[in-house]
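Trainee: Residue numbers for the sequence shown follow my numbering, so the first one is 453 and each next one is one higher. Supplied in structure tokens, the structure appears directly below.
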Amino acid sequence: MVGIKAEYGLFMSHHLELDIFKSHFPAFEINIEKATFGKKRWETEYAYPLIGLNFWYSGMGGFNDLGAAYAIYPSINFPIVKNDVNSLNFKIGLGVSYMTKKFDRLTNYKNFAIGSHLNIAASLFAEYRLMISKMATITAGAGLTHFSNGSMKTPNYGINLFTASIGISTYLSNPNKLLSKKVLPELYTWEFDGRKYLSFEIASAFAYKDMSEQYGDSFYVFAAFANLMARVSYKSKFGIGMDLTYDGSDKMVLERRNGTFEPNSQITKIGFNIAYEMVMDRVSFLFNLGAYAKALDKSEGDIFQRLTLKYMISNKIFANMVLSAHLGKAEYVGFGLGYQLRFIYKREIQHN
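Right, dumping it as structure tokens:
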């Protein structure tokens, strides 16, 4: 399916320096989507979502300091409620964007939102779909689009746009007549087979922060995580976690603020969190919400959020991409590896 959308919305200012950009922001999107029919088990468990590739553009409200934004990102459109004609969906997308204007201390000193041309693009949308014929579908929705480089290059307050959309999508050829015949595939080693178990996961992430515009230097971030998760269904895990985070920029902030040198062991932050993981085959999204129990630098606050994209390399080893933030402002984007151990406490398998 190929679709086109028109979006119109507002710039959401979360810092005083960004209030000058409060205005209406039109945007346009072209997307290519593919239906799923149960070839993978996660497709069945998530009610046969649409997998898409999206091309997004906005003139950023006409502000010369912001320039224009181009984004390309893959997405998954999950049906929440649906019948043969109507469906209510939740669409999530994550990719890259290019911003034509970025902060420059001489020529673009008002743009505290974006510090680099290349950024992460994220999209969260609620969408209603109405099939008007066997070939065409009308869509309407509302949601949030976010741009940030994860503080790899500062200043980086990020851009949040809340928009409403309307569009139309159509098949380029007659739909597959067998699309309504759904199948349930066999289980694989990394999939949930009904057994009850706890998983203990340890992971690390390494990040780089270029803060030359503010402090004239660059810094490294190293984070270690430990999570105890309980898998309650094929799709969901719940758990608790602990974080250790060393951010080299904290040392610079404390030295400038207090005039004292702190050892690395004192700068390391210790945090505790609650966790939820949404599992889709080898890929999963891990959401953490927590607070620091120990942190010398709390300039960004005590509460933190973390989104981790995980990919299971084997049934024990996984790769991860981590986005850590404080109330919508990205702290860092890191990459690393993790390891999990499973402890089965119930082996009874229910067959439907």
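The beta carbon of each residue, even a glycine, is placed where N, CA and C say it ideally should be.
Nearest by alpha-carbon distance to S549: which of I472, A520, L540 and V537 is it?
Mentor: Ranking I472, A520, L540 and V537 by Cα distance to S549 puts A520 first.
Trainee: Which residues does DSSP list as the beta-bridge partners of G788?
Mentor: In the DSSP output, where bridge partners are listed per residue, G788 has N772.
Trainee: Alpha carbon to alpha carbon, how far is A616 from S717?
Mentor: If you take the alpha carbons of A616 and S717, they lie about 47 Å apart.
Trainee: Check whether the Cβ atoms of N541 and Y500 lie closer than 9 Å to each other.
Mentor: Not a contact, by the Cβ cut-off of 9 Å.
Trainee: Using the Cα positions of E685 and G490, report the straight-line distance between them to the nearest angstrom.
Mentor: A small fix is needed here, since residue 685 is Ser in this sequence, not Glu. Roughly 18 Å separates the two Cα atoms.
Trainee: Starting from P531, follow its DSSP beta bridges and name the residues at the other end.
Mentor: Per DSSP, N541.
Trainee: Tell me whether L502 is buried or exposed, calling it buried when 16 or more other Cβ atoms sit within 10 Å of its Cβ.
Mentor: It counts as buried.
Trainee: For F515, which residues of its own chain have a beta-carbon under 6 Å away from its beta-carbon, when the five flanking residues on both sides are left out?
Mentor: Hits under 6 Å: F473.
Trainee: Which stretch, first to last residue, makes up the alpha helix (DSSP H) that contains I719?
Mentor: Start and end: N716 to I719.
Trainee: Can you grab the Cα-Cα spacing for the pair D669 / D662, in whole Å?
Mentor: So the two alpha carbons sit approximately 7 Å from each other.
Trainee: Could you check the C-alpha separation between Y498 and Y797 for me, to the nearest Å?
Mentor: Approximately 26 Å, taken between the alpha carbons.
Trainee: Taking K553 as the reference, give the member of G547, K543, I544 and G567 with the closest Cα.
Mentor: Nearest of G547, K543, I544 and G567 to K553, Cα basis: G567.
Trainee: Go to Y667, then tell me how far its beta strand (DSSP E) extends in each direction, as first and last residue.
Mentor: Run containing Y667: none in the beta strand (DSSP E); it sits in the alpha helix (DSSP H), S664 to Y667.
Trainee: Please determine if the region 753 to 766 and the region 736 to 745 are in contact, where contact requires at least 3 C-beta pairs separated by less than 8 Å.
Mentor: Touching, per the Cβ criterion.
Trainee: Got a sec? Which residues, its chain only, sit under 8 Å from G693 by beta carbon, not counting five neighbours each side?
Mentor: Excluding sequence neighbours, G693 sits near F677, A678, N679, L680, F724, N725, I726, A727, N740 and G742.
Trainee: Below 9 Å between beta carbons: does that hold for F599 and A574?
Mentor: Yes, Cβ-Cβ distance for F599 and A574 is below 9 Å.
Trainee: Let me know the secondary structure DSSP gives E707 once reduced to three states.
Mentor: Reduced to three states, the DSSP call for E707 is helix.
Trainee: Helix or strand or just coil, what does DSSP make of H803?
Mentor: Because H803 carries a pLDDT of 49, less than 50, the predicted location of this residue cannot be relied on, and the following value inherits that uncertainty. In this structure, H803 counts as coil in the three-state DSSP scheme.
Trainee: What is the residue span of the alpha helix (DSSP H) that R734 lies within?
Mentor: That residue, R734, is in no alpha helix (DSSP H); it is neither H nor E in DSSP.
Trainee: Could you give the C-beta distance for H786 and V774, rounded to a whole number, given that I count them as a contact under 8 Å?
Mentor: One detail in the question is off: residue 786 reads as Gly in this sequence, not His. Going by Cβ atoms, the distance from G786 to V774 rounds to 5 Å, so yes, they are a contact pair.
Trainee: Would you kindly work out how many angstroms separate the C-alpha atoms of K486 and F577, rounded to a whole number?
Mentor: Using only the alpha carbons, I get a separation of about 18 Å.
Trainee: Rounded C-beta distance between G504 and N483? I'm assuming under 8 Å.
Mentor: With a Cβ gap of about 5 Å, G504 and N483 count as contacting.
Trainee: Counting C-beta neighbours from all protein chains within 10 Å, is the total for R758 16 or more, i.e. buried, or is it exposed?
Mentor: Classification for R758: buried.
Trainee: Please look up how many angstroms separate the CB atoms of A565 and Y609, rounded, as I've assumed it's under 8 Å.
Mentor: About 5 Å; that satisfies the 8 Å criterion.
Trainee: Could you tell me which of S651, M583 and K562 sits nearest to D517, measuring between CA atoms?
Mentor: Minimum Cα distance to D517 is reached at K562.
Trainee: Using DSSP bridges, identify the partner residues of Y580.
Mentor: Looking at the DSSP assignment, Y580 forms a beta bridge with L540 and A592.
Trainee: Would you identify the three-state DSSP class for D702, choosing helix, strand or coil?
Mentor: Helix, per DSSP.
Trainee: What is the rounded straight-line gap between the Cα of I456 and the Cα of A479?
Mentor: Roughly 11 Å between the two C-alpha positions.
Trainee: Looking at M583: is its Cβ nearer than 9 Å to the Cβ of V537?
Mentor: It is a contact, given that the beta carbons lie within the stated cut-off.
Trainee: Distance check for E495 and K811, CA to CA, integer angstroms please.
Mentor: Outside the modelled stretch of the chain, which goes from 453 to 804, sits residue 811, for which no answer is possible.
Trainee: Write down the C-beta distance between S621 and T591 rounded to the nearest angstrom, noting that I regard them as a contact closer than 8 Å.
Mentor: With a Cβ gap of about 6 Å, S621 and T591 count as contacting.
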